[in-house]
Amino acid sequence: MAEPQKYLPDATDEDVENDVPVFDPRMEQEAERIAEALVFASAQPVSEAYIASRLPRDADVPRIMARLKALYAGRGVNLVQVADHWAFRTAADLSFVVQTDEQEVRKLSRAALEVLAIIAYHQPVTRAEIEDIRGVQTSKGTLDVLMEAGWVRFRGRRRTPGRPVTFGTTRDFLDHFGLEELRDLPGIEELKGAGLLSGRVPSNLHIPVPVGEDELAENEDPITQLDLEELGLLTPKGEEAD
Numbered sequence: 058m059a060e061p062q063k064y065l066p067d068a069t070d071e072d073v074e075n076d077v078p079v080f081d082p083r084m085e086q087e088a089e090r091i092a093e094a095l096v097f098a099s100a101q102p103v104s105e106a107y108i109a110s111r112l113p114r115d116a117d118v119p120r121i122m123a124r125l126k127a128l129y130a131g132r133g134v135n136l137v138q139v140a141d142h143w144a145f146r147t148a149a150d151l152s153f154v155v156q157t158d159e160q161e162v163r164k165l166s167r168a169a170l171e172v173l174a175i176i177a178y179h180q181p182v183t184r185a186e187i188e189d190i191r192g193v194q195t196s197k198g199t200l201d202v203l204m205e206a207g208w209v210r211f212r213g214r215r216r217t218p219g220r221p222v223t224f225g226t227t228r229d230f231l232d233h234f235g236l237e238e239l240r241d242l243p244g245i246e247e248l249k250g251a252g253l254l255s256g257r258v259p260s261n262l263h264i265p266v267p268v269g270e271d272e273l274a275e276n277e278d279p280i281t282q283l284d285l286e287e288l289g290l291l292t293p294k295g296e297e298a299d
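Numbering of the sequence shown is given in the numbering used here, commencing with residue 58 and proceeding in unit increments.
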């Protein structure tokens, strides 16, 4: 449970009157230890809101996490930020050391990779828009594979005739590809440098910057329970699942 703010013994009367938080170094160190333990004990990235709920009131969670991130920067395990969540991950240059033959490697087809890239850069995007960009039809199986992998999700519904479903990426997508936020996706020059774009790139090619992961577009409505039932993701109320 959060505790009231505590002050250093030598805090001035003016600091107290102005409610200026002055953490005792021992308390701040204890807050870091708590935050470190919370992230270490979780198999999934931990939100800053959850960490804040376990720390003393007025604890500066972003500063605490930034200090922990710097502390682990040169170690075999790094503290990484995924959107507003935090997780411990093996240092990128040591990932080969911990790989085992038993690991199942998830391989995506070329079509799935194309669809994933389109969704990542153009979200929120509908299936029709994906097909328009690719120039070919997209099978339901391709989208199912990406959703089963946990990298793509239903975002909302477009305010156009037929109210088509919009797709977007997930926090697991960011985590898997080592991104803190969607704006960390590589730009056109980085893609060229990595050899992912051919030398015959049109001069007017534009790679969009996607909106924030949880931000709905102006012409987009959130997914409701009725939408999920219509999409077959939830059993209608009053009916039993098979």
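We put the CB at the ideal spot given by N, CA and C, even for glycine. Remember, it's a predicted structure, so these values are computed and weren't measured experimentally.
Reduced DSSP secondary structure (H/G/I, E/B, other) of residue i
i, result
"residue 111", "coil"
"residue 102", "coil"
"residue 218", "coil"
"residue 272", "coil"
"residue 133", "coil"
"residue 243", "coil"
"residue 238", "coil"
"residue 281", "coil"
"residue 174", "helix"
"residue 116", "coil"
"residue 139", "strand"
Which residues DSSP lists as bridging residue i, in chain order
i, result
"residue 210", "225"
"residue 183", "223"
Classification of residue i by the beta-carbon crowding that lies within 10 angstroms, buried from 16 upward
i, result
"residue 132", "exposed"
"residue 279", "exposed"
"residue 218", "exposed"
"residue 181", "buried"
"residue 93", "buried"
"residue 128", "exposed"
Close-in-space but distant-in-sequence residues of the same chain around residue i (CB under 8 Å, 5 per side omitted)
i, result
"residue 141", "104, 105, 106"
"residue 123", "none"
"residue 208", "173, 226, 227, 229, 230, 233"
Cut-off 7 Å between Cβ atoms - residues of its own chain near residue i, not counting five sequence neighbours on either side
i, result
"residue 118", "105, 108, 109, 112"
"residue 223", "181, 182, 183, 212, 213, 214, 215, 277"
"residue 139", "102, 228, 231, 232, 237"
Sequence-distant residues of the same chain with beta carbon closer than 6 Å to residue i, five excluded per side
i, result
"residue 175", "187, 190"
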